[in-house]
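What follows is a short report on a single structure.
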DNA sequence: TTGCGTGTGAACTTCCTGTGACCAGACAGG
DNA sequence: CCTGTCTGGTCACAGGAAGTTCACACGCAA
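Below you can see the structure in the form of structure tokens.
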């Protein structure tokens, strides 16, 4: 994944993924307009979806949108009430009206009903997109919370809202940095080189020979192991870096059995087989 | 920071601070434009102030504005950097550019730098005001919602309508800022980073090294503790920020019992377990 | 086998956070 | 207009938790 991230924020929390992606629904009928707009949106990496007909508030909610672009001309006389209804019901949604020539009164009316911006066609697609982004940006400041969904891997649950990971409800007591690294790793399905990890967490280039990442991985593994002994999460790729993937622990059981007989389930299916190829048998060194 | 508050605080309780009023600064030089705009703004009951010259971020902060209307033409070439600087430093301020004819590239640039809207002169004053209001409205949504319902956590009751918190009916005598912070914290059940708190309370970006939030949290804890000793409300997440969650105080009871035998209920259920998962035991540093 | 790269444990440093004191501007009264 | 209080905000200090560096052991790769 490109993992764009235009941010230059060196500070903590830098680990957040591309949650900033624009999710847009478009209610318009001009094919040419849609086409040129699509091109720009694709280039931007935005997710968008054309709507054939006005969708009710509930439907819009289900789409988890950031913004709605609408041409009032498509709606006809009912457009105003639709606009009002949507704006009232989804105050967190950025609503941008982009329609043909209009009177000041109409524009005023639209804005008063709750639209965030009114752009007159014909317009330059780039500008329109900027307007949409500006609106979304503004809205986003208010709605940060929803951006942080917690996720689970194997037995652990990662909670960005608490800066913490849990196993069966109990905290792993991760420190801020430990959490950031775990969060970063768990968010990528591939091997991350040390330099990459360092750069994204610390915000600047890793000095040659710096072992910080190793040390943190060790601490992480330690905490993960003691909380979830039967799973291994962080795998070492010799000469490369680390990869996150929940897997049932040591099948070979080189562990002196200390009571609880490891539920040896050779070749047992992964409880949370993480989709595709994130489980290639890599010569995994020590893990956790 | 000049804490200046020109507010028209009516009474001591200073319930709602005229938050709903538009507070606008205008950086423009067209007398005719200013005059016609003034008329509309007066009719609207808005507070506004013309600026003779670009005012630094700190100056703008001191004015406690909702919005800034600026004509890039009066700034000349430095306008762009000024715009960028202001938008970066005051993320909560709605910035509307209203200037003469411009190219798409210029408008795009302005919006990308953080402007919320770009209106081209000549324009209808009513429409301009609607655009300003739309921009401000978005920002305001974040703070408006809870301004009404009072809520309780543990032993304290938070009353937005009185700008005060109570325990068993007696006021905590919180100052305005203390209350705002408590209100903000109690309103979100997740860890809030200091920068986040600062930005939402003070309205602009926190300077590096600013300890204000810490100090206020300390004052809050002090008052909370003396009014509700057996509960801890504000938890520190080292290296991250603070989180609000009512919890029974020190279970370990390292306190020499001083009379009232604490209803020791080891592992007892929280009296007011606030719904879902906001009560996971997180490695809480010092609390209150 | 040799040579690195990595795991480990512990010592060492840095910087984070809690606190108490202090300073300056804003109000309220006289 | 002057003065006493109060609130918001800044400092400097201290204790500690977290982060970084080291030296050594172990294992994989050639």
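Chains as they are written, first to last, in the numbering used here: chain D, 609 to 896; chain A, 609 to 896.
For every residue, glycine included, the Cβ atom is placed at its ideal position computed from N, Cα and C.
Just so we're clear, the structure is a prediction, and the values are computed from it rather than from any experiment.
Residue i - DSSP class collapsed to helix/strand/coil
i, result
"residue 873 (chain A)", "Because the pLDDT at residue 873 (chain A) is just 33, under 50, the model does not fix this residue reliably, and the value given afterwards should be weighed accordingly. Coil at residue 873 (chain A), not helix or strand."
"residue 850 (chain D)", "strand"
"residue 838 (chain D)", "coil"
"residue 731 (chain D)", "coil"
"residue 691 (chain D)", "helix"
"residue 784 (chain D)", "helix"
"residue 767 (chain D)", "strand"
"residue 756 (chain D)", "coil"
"residue 673 (chain A)", "coil"
"residue 725 (chain D)", "strand"
"residue 776 (chain D)", "coil"
"residue 819 (chain D)", "coil"
"residue 792 (chain D)", "helix"
"residue 860 (chain D)", "Per-residue confidence for residue 860 (chain D) stands at a pLDDT of 41, beneath the threshold of 50, marking its modelled position as unreliable; the derived number appears in the next sentence. Residue 860 (chain D): coil per DSSP, three-state reduction."
"residue 747 (chain D)", "helix"
Host beta strand (DSSP E) of residue i (start-end)
i, result
"residue 655 (chain D)", "655-659"
"residue 799 (chain D)", "Segment: none, residue 799 (chain D) is in no beta strand (DSSP E) and carries neither H nor E."
"residue 713 (chain A)", "Taken as a continuous stretch (DSSP letters only), residue 713 (chain A) belongs to no beta strand (DSSP E), being part of the alpha helix (DSSP H) at 712-721."
"residue 632 (chain A)", "631-635"
Contact list for residue i against chain A, beta-carbon separation under 9 Å
i, result
"residue 746 (chain D)", "702, 724, 743, 746 and 747"
Cross-chain neighbours of residue i in chain D, by beta carbon under 8 Å
i, result
"residue 798 (chain A)", "753, 756, 769 and 770"
Under 7 Å from the C-beta of residue i: neighbouring residues of chain D
i, result
"residue 734 (chain A)", "712 and 716"
Proximal chain D residues relative to residue i, where beta-carbon distance stays under 9 Å
i, result
"residue 641 (chain A)", "Per Cβ cutoff of 9 Å: no residues; residue 641 (chain A) is ~16 Å from chain D at best."
Residues that residue i contacts on chain A, provided the C-beta gap is smaller than 8 Å
i, result
"residue 738 (chain D)", "715, 716, 719 and 720"
7 Å Cβ cut-off: residues of chain A touching residue i
i, result
"residue 681 (chain D)", "Residues of chain A passing the Cβ test: none, with the nearest at roughly 19 Å."
Segment limits, alpha helix (DSSP H) that includes residue i
i, result
"residue 646 (chain D)", "639-652"
"residue 701 (chain A)", "Residue 701 (chain A) -> no alpha helix (DSSP H), and no H or E assigned at all."
"residue 681 (chain D)", "680-683"
Fill in: Residues in the stretch 829-854 of chain A having any Cβ partner in chain D nearer than 9 Å
845, 846, 847, 848, 849 and 851
Practice prompt. Spell out a yes or no on whether the stretch 665-673 of chain D and the stretch 634-653 of chain D are touching, meaning 3 or more CB-CB pairs, one atom from each, closer than 8 Å.
Written response: no
Worksheet item: Does the stretch 719-726 of chain A come within contact of the stretch 731-742 of chain D, defined as at least 3 CB pairs closer than 8 Å?
Response: yes
Worksheet item: Between the stretch 815-835 of chain A and the stretch 698-713 of chain A, are three or more C-beta pairs nearer than 8 Å?
Response: no
Discussion item. Contact between the stretch 760-779 of chain D and the stretch 837-844 of chain D is defined here as three or more beta-carbon pairs at a separation below 8 Å; is this criterion met?
Written reply: yes
Worksheet item: For the 8 Å Cβ check, are there 3 or more pairs between the stretch 705-719 of chain D and the stretch 674-686 of chain D?
Response: yes
Discussion item. Could you check whether the stretch 711-721 of chain A touches the stretch 777-797 of chain A, counting it as contact only if at least three pairs of C-beta atoms, one from each stretch, sit closer than 8 Å?
Written reply: no
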